[in-house]
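Student: Numbering (mature numbering (1 follows the signal peptide of the UniProt record, and there is no 0)), first residue to last: -20 to -1, 1 to 453. All C-beta atoms, glycine included, are put in the ideal place defined by N, C-alpha and C.
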Amino acid sequence: MAPAPLPLLVAAFSLLFAAATPIRDVADACSSQVQAADFEHLNSTAMHLPLHHSRGPCSPVSVPSDLPFSALLTHDDARIASLAARLAKAAPSSSSARPRPTVTVASLYRANDDAAVDGSLASVPLTPGTSYGVGNYVTRMGLGTPAKPYIMVVDTGSSLTWLQCSPCRVSCHRQSGPVFDPKTSSSYAAVSCSTPQCNDLSTATLNPAACSSSDVCIYQASYGDSSFSVGYLSKDTVSFGSNSVPNFYYGCGQDNEGLFGRSAGLMGLARNKLSLLYQLAPTLGYSFSYCLPSSSSSGYLSIGSYNPGQYSYTPMVSSTLDDSLYFIKLSGMTVAGKPLAVSSSEYSSLPTIIDSGTVITRLPTTVYDALSKAVAGAMKGTKRADAYSILDTCFVGQASSLRVPAVSMAFSGGAALKLSAQNLLVDVDSSTTCLAFAPARSAAIIGNTQQQTFSVVYDVKSNRIGFAAGGCT
């Protein structure tokens, strides 16, 4: 049985990416390294990587300039639906969610008779993970011996790191640069089914591991828009600049389909044994930080120690819904210095997740309605525009040219995000900008638009998340 057909949205994206301009060499215009001295929040002992918006001028992947913002919003809504499904331990039920794919693992080996799959695990319905795409952030990761660089999507909502691998027995999407070939790495090894890491796949991917007759562990990762990756659980040396760590466990994808742009794969930073964070923690420590740049600036991803005195902190909140995600508590919001006209209990009426891969922040409906009303009231002299897709509070003009009220998001413990115009509004076309918030379904999400240009630290050891303004260059 072949993998389930991808939805028309995926096909449309694929055509757009295929027609995109050639991948540019960003080394000439943008730095491929991060110097701690260039970013005041960085510690010189940690590992630092450049981080780029996928639609920015320094991005090593190309996104078509005519891609409508509505396509990004549709994709963002699919991610929200898949996060909600994870919390509900069920498949997405929203109309924006895509059909749940069934991947036939045996198809991965149709060209390899020596690695036939146990028939009892040949067809596995995939539990949806988290969707990601053109609204996200990318960096470079080295893999193998000798190390070769690969462009990876950074995602705090996913655990398993994976990338496309030759010979792509079933399917590989187009990517920037060559596909990783395990045969060229002297440190590569496939992982057997009897290892603890193979057993850990069920929590890392929300799907059971499969096993070949030759004892090769098979991972299956699926995402909210019916994108998926299936392949071998493997281990190799991972490198970031001059830092190398041996025996890094990751997925070597042989069937990869969906909205991955031109990236090689996904870098997972969630709270799970198989995530990049947890595997590097014994060497670098249990923390990472980033500054998500706007599409016109450069940012960083830093793994390891940081300068703690520069941040205001909010505790990570324990949750039985999904302990791999990062939960925090939103405690209040102000517009032009005035609290929103809602009771304090409304802010915690839904669990709140902070997520690098969601573009538009979702708030409890009563909080969103109060925010929309307050912002519209403060901007009553600005001409209103029609609603745009899921965004219903829109104005004529661009965010950078409008006078906007001061808006602040407060979190338990005293941490706050004081939003600039670019954090508050998002330009959806050349003449329209909209409030970058929407009502939540089953969970509030602090998205990446509100996080842009802040330094955000995930201190897992101390169970806290910190914010500091002015993080990007």
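DSSP state of N179, grouped into three classes?
Tutor: Position 199 of the sequence shown holds residue 179. Three-state result, N179: helix.
Student: L371 and V408: beta carbons closer than 8 Å?
Tutor: Here residue 371 refers to the residue found at position 391 of the sequence shown. Here residue 408 refers to the residue found at position 428 of the sequence shown. Yes, Cβ-Cβ distance for L371 and V408 is below 8 Å.
Student: Going by CA-CA distance only, name the one from A390, L382 and E237 that's closest to C152.
Tutor: Here residue 152 refers to the residue found at position 172 of the sequence shown. That would be E237, whose Cα lies nearest to the Cα of C152.
Student: Our contact map puts A316 next to S138 with C-beta atoms below 8 Å; I'd like the distance itself, whole angstroms only.
Tutor: Residue 316 sits at position 336 when you count from the first residue of the sequence shown. Residue 138 sits at position 158 when you count from the first residue of the sequence shown. The pair is not a contact, with the Cβ atoms about 37 Å apart (cut-off 8 Å).
Student: Using a 10 Å radius around the Cβ and a threshold of 16 neighbouring Cβ atoms, would you call D302 buried or exposed?
Tutor: The residue labelled residue 302 in the question sits at position 322 within the sequence shown. Buried.
Student: Please state whether the Cβ-Cβ distance between A184 and L140 is less than 8 Å.
Tutor: By 1-based counting over the sequence shown, the position of residue 184 is 204. By 1-based counting over the sequence shown, the position of residue 140 is 160. Yes, the Cβ-Cβ distance between A184 and L140 is below 8 Å.
Student: Using the beta-carbon count (16 or more within 10 Å), is A(-19) buried or exposed?
Tutor: Along the sequence shown, read from residue 1 onward, the residue named residue -19 stands at position 2. Caution is warranted here: a pLDDT of 38 is assigned to A(-19), below 50, making its placement in the model unreliable, and the coordinate value is therefore given only provisionally. Classification of A(-19): exposed, given that the 10 Å Cβ count is below 16.
Student: Nearest CA to the CA of V406: which residue from P295, V210 and C374?
Tutor: For the purposes of this step, residue 406 is taken as residue 426 along the sequence shown, with counting starting at 1. Out of P295, V210 and C374, C374 has the C-alpha closest to the C-alpha of V406.
Student: Closest by CA to A396, which one among F434, S422 and L382?
Tutor: On the sequence shown, position 416 is the one that residue 396 refers to. Residue F434 is the option with its Cα nearest to A396.
Student: For A350, which residues of its own chain have a beta-carbon under 7 Å away from its beta-carbon, when the five flanking residues on both sides are left out?
Tutor: As a position in the sequence shown, residue 350 is number 370, starting the count at 1. Excluding positions up to five away in sequence, the list reads L320, A321 and V322.
Student: Are the C-beta of S282 and some C-beta of chain D separated by less than 8 Å?
Tutor: Protein chain content of the structure displayed is limited to a single chain, and chain D is not contained in it.
Student: With 16 as the cutoff for other CB atoms within 10 Å, does D161 come out buried or exposed?
Tutor: On the sequence shown, position 181 is the one that residue 161 refers to. Exposed, because fewer than 16 other Cβ atoms sit within 10 Å of the Cβ of D161.
Student: Given this structure, state the Cα-to-Cα distance separating A(-1) from Y280, to the nearest angstrom.
Tutor: As a first step, residue -1 must be located in the sequence shown, where it is residue number 20. As a first step, residue 280 must be located in the sequence shown, where it is residue number 300. Only weak support exists for where A(-1) lies, its pLDDT of 27 falling under 50; the coordinates are left without a value.
Student: Less than 8 Å between the beta carbons of residue 457 and L63, yes or no?
Tutor: This structure cannot settle anything about residue 457, because the visible part of the chain is limited to -20 through 453.
Student: Bridge partners of T413, per DSSP?
Tutor: Here residue 413 refers to the residue found at position 433 of the sequence shown. Looking at the DSSP assignment, T413 forms a beta bridge with F375 and D407.
Student: So S174 packs on D216, CB below 8 Å; how close in whole Å?
Tutor: Walking along the sequence shown from the start, residue 174 turns up at place 194. Walking along the sequence shown from the start, residue 216 turns up at place 236. Actually they are not in contact, since the Cβ atoms of S174 and D216 sit about 19 Å apart, beyond 8 Å.
Student: In chain order, what are the residue ranges of uninterrupted alpha helix (DSSP H) at least 4 long that sit wholly in the stretch 201 to 285?
Tutor: Listed in chain order, they are 256 to 264.
Student: Going by beta carbon distance, what residues of the same chain come within less than 6 Å of A365, once the five residues before and after it are set aside?
Tutor: Here residue 365 is taken as the residue at index 385 of the sequence shown, counted from 1. Here the set comprises C374, F375, V376 and T412.
Student: In whole angstroms, what is the alpha-carbon distance linking R120 and Y293?
Tutor: Position 140 of the sequence shown, counted from the start, is the residue given in the question as residue 120. Position 313 of the sequence shown, counted from the start, is the residue given in the question as residue 293. Spanning the two alpha carbons is a distance of roughly 29 Å.
Student: Assign I340 to one of three DSSP states: helix, strand, or coil.
Tutor: Taking the first residue of the sequence shown as 1, we reach residue 340 at position 360. Note: I340 maps to coil in three-state DSSP.
Student: Please report the straight-line C-alpha distance between A418 and L404, rounded to a whole angstrom.
Tutor: Position 438 of the sequence shown, counted from the start, is the residue given in the question as residue 418. Position 424 of the sequence shown, counted from the start, is the residue given in the question as residue 404. C-alpha separation (whole angstroms): 12 Å.
Student: Thinking just about the alpha-carbon of each residue, which of A448, L52 and L47 is nearest to the one in S269?
Tutor: What you label residue 269 is simply residue 289 of the sequence shown in a count that begins at 1. Answer by Cα proximity: A448.
Student: Tell me whether the beta-carbon of D335 lies closer than 8 Å to the beta-carbon of G248.
Tutor: Translated into the one-based positions of the sequence shown, residue 335 becomes position 355. Translated into the one-based positions of the sequence shown, residue 248 becomes position 268. No, the Cβ-Cβ distance between D335 and G248 is not below 8 Å.
Student: Starting from Y348, follow the alpha helix (DSSP H) in both directions and report where the run begins and ends.
Tutor: Stepping through the sequence shown from its first residue, residue 348 is reached at position 368. Per DSSP, Y348 belongs to the alpha helix (DSSP H) from T345 to A358.
Student: For G312, which of helix, strand or coil comes out of DSSP?
Tutor: In the sequence shown, residue 312 corresponds to position 332, counting from 1. Reduced to three states, the DSSP call for G312 is strand.
Student: Would you decide whether A169 is buried or exposed? Buried here means 16 or more other CB atoms lie within 10 Å of its CB.
Tutor: Within the sequence shown, numbered from 1, the residue matching residue 169 stands at position 189. Classification for A169: exposed.
Student: Would you mind sorting R383 into buried or exposed? The rule is 16 or more other CB atoms within 10 Å of its CB.
Tutor: In the sequence shown, counting from the first residue as 1, residue 383 sits at position 403. Per the 10 Å Cβ criterion, exposed.
Student: Kindly indicate the opening and closing residues of the beta strand (DSSP E) around T332.
Tutor: In the sequence shown, counting from the first residue as 1, residue 332 sits at position 352. Here the beta strand (DSSP E) through T332 covers T332 to I334.
Student: For D135, does the three-state DSSP call read helix, strand or coil?
Tutor: By 1-based counting over the sequence shown, the position of residue 135 is 155. Residue state, collapsed to three classes: strand.
Student: Under the three-state reduction of DSSP, which class applies to G394: helix, strand or coil?
Tutor: Counting from 1 along the sequence shown, the entry for residue 394 is found at position 414. Coil at G394, not helix or strand.
Student: Strictly by DSSP, which residues pair up with F307?
Tutor: Here residue 307 is taken as the residue at index 327 of the sequence shown, counted from 1. Bridge partners of F307: I333.
Student: May I ask you to report which of helix, strand or coil DSSP gives Q144?
Tutor: The residue labelled residue 144 in the question sits at position 164 within the sequence shown. Strand.
Student: Beta carbon of T332, beta carbon of I426: below 8 Å?
Tutor: One-based indexing of the sequence shown puts residue 332 at position 352. One-based indexing of the sequence shown puts residue 426 at position 446. Yes; because the gap between Cβ atoms is below 8 Å, this pair is in contact.
Student: On a Cα-Cα basis, can you pick out the residue from S209, S219, S192 and V355 that is closest to H28?
Tutor: For this step, residue 28 is matched to residue 48 along the sequence shown. That would be S219, whose Cα lies nearest to the Cα of H28.
Student: Which two residues bound the contiguous beta strand (DSSP E) that contains T125?
Tutor: Position 145 of the sequence shown, counted from the start, is the residue given in the question as residue 125. Counting along the chain, T125 falls outside any beta strand (DSSP E), and DSSP gives it neither H nor E.
Student: Ignore the nearest five residues each way along the sequence and tell me which others in G245's own chain have a CB closer than 8 Å to its CB.
Tutor: Here the question's residue 245 lines up with position 265 in the sequence shown. Only Y130, M132, V133, T141, W142, L143, Q144, S209, G231, G233 and N236 meet the Cβ criterion.
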